[in-house]
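See below for the structure under consideration.
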Amino acid sequence: EAQVTQNPRYLITVTGKKLTVTCSQNMNHEYMSWYRQDPGLGLRQIYYSMNVEVTDKGDVPEGYKVSRKEKRNFPLILESPSPNQTSLYFCASKGNEKLFFGSGTQLSVL
Amino acid sequence: KNEVEQSPQNLTAQEGEFITINCSYSVGISALHWLQQHPGGGIVSLFMLSSGKKKHGRLIATINIQEKHSSLHITASHPRDSAVYICAVAVGSYQLTFGKGTKLSVIP
């Protein structure tokens, strides 16, 4: 089944403790991206990648890192999480006609 | 920076009604997406448009590139159509900007 797999689904952490949210797709898509969704602000793009080793900043990249060492994986790294990064995060990949989204990661930073 | 405006913000309809959701944007784009998000939170891609019109079942999406405007229509609306509908526009190497969404409630 074609899918984007995101883990974990829920994560509670404390300020400053490095964490990684994983994202993997099985459709051989070149384009992958990360978003955060906040009440009243909607979805905002964090980073995107057109292909392996090619990444670009979206609208809200501060405090986040990404890497694209292989086509199927695009992890999101928070080196030193802060409470303002508490949010619902989505990963997505793009095929010819549509975007495919992961099921989301609800992150709480205490 | 591309601004994306959706209207209306909230919409309540009776089952069977014809529904229109609008999306306007401020700069030239390479593509526009319509997305659906149900209360559980998952996001589903409905359409990707770069010109003209697309139809899938009871859903129709149109785009007018010159006017920088797109519409999503739902014919014969049903309670299962209740969701948040989100417009997203792509520029350059596919940087995406999103509208804030339209919350649709269809009452039986």
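Taken in order, these protein sequences are the chains called L and X.
For my numbering, count along the first sequence from 1 and bump the result up by 187.
For my numbering, count along the second sequence from 1 and bump the result up by 835.
All C-beta atoms in this analysis are idealised placements derived from N, C-alpha and C, irrespective of residue type, glycine included.
- The residue among V241/L, Q190/L and S274/L with its C-alpha nearest the C-alpha of M214/L is Q190/L.
- The beta carbon of C858/X sits closer than 6 Å to those of Q841, S905, C922 and G934, all from its chain and outside the five residues before and after it, given in chain order.
- For Q272/L, no beta strand (DSSP E) segment is defined, and its DSSP state is neither H nor E.
- Taken in chain order, the whole beta strand (DSSP E) runs of length 3 or more contained in the region 868-907 of chain X are 878-884, 887-891 and 894-899.
- Three or more beta-carbon pairs separated by less than 8 Å are not found between the region 196-203 of chain L and the region 239-251 of chain L, which leaves the two stretches without contact.
- Per DSSP, the continuous beta strand (DSSP E) segment holding Q224/L begins and ends at Y218 to D225.
- Within the model, the alpha-carbon separation for F288/L versus V926/X is close to 19 Å.
- Contact with chain L is found for G876/X, since one of that chain's Cβ atoms lies less than 7 Å from the residue's Cβ.
- Here the alpha carbon of V239/L sits roughly 42 Å from the alpha carbon of S912/X.
- Interface with chain L (7 Å Cβ-Cβ cutoff): G863/X is excluded.
- L846/X is positioned such that its CB atom lies closer than 7 Å to that of L939/X.
- Within the model, the alpha-carbon separation for Q272/L versus H891/X is close to 37 Å.
- Three or more Cβ pairs closer than 8 Å define a contact, and the region 257-270 of chain L falls short of that threshold against the region 864-872 of chain X.
- Cβ atoms of K888/X and A896/X come within 8 Å of each other, at about 7 Å.
- Annotated three-state conformation of R231/L is strand, per DSSP.
- From the beta-carbon of I921/X, the residues of chain L found nearer than 9 Å are G229 and L230.
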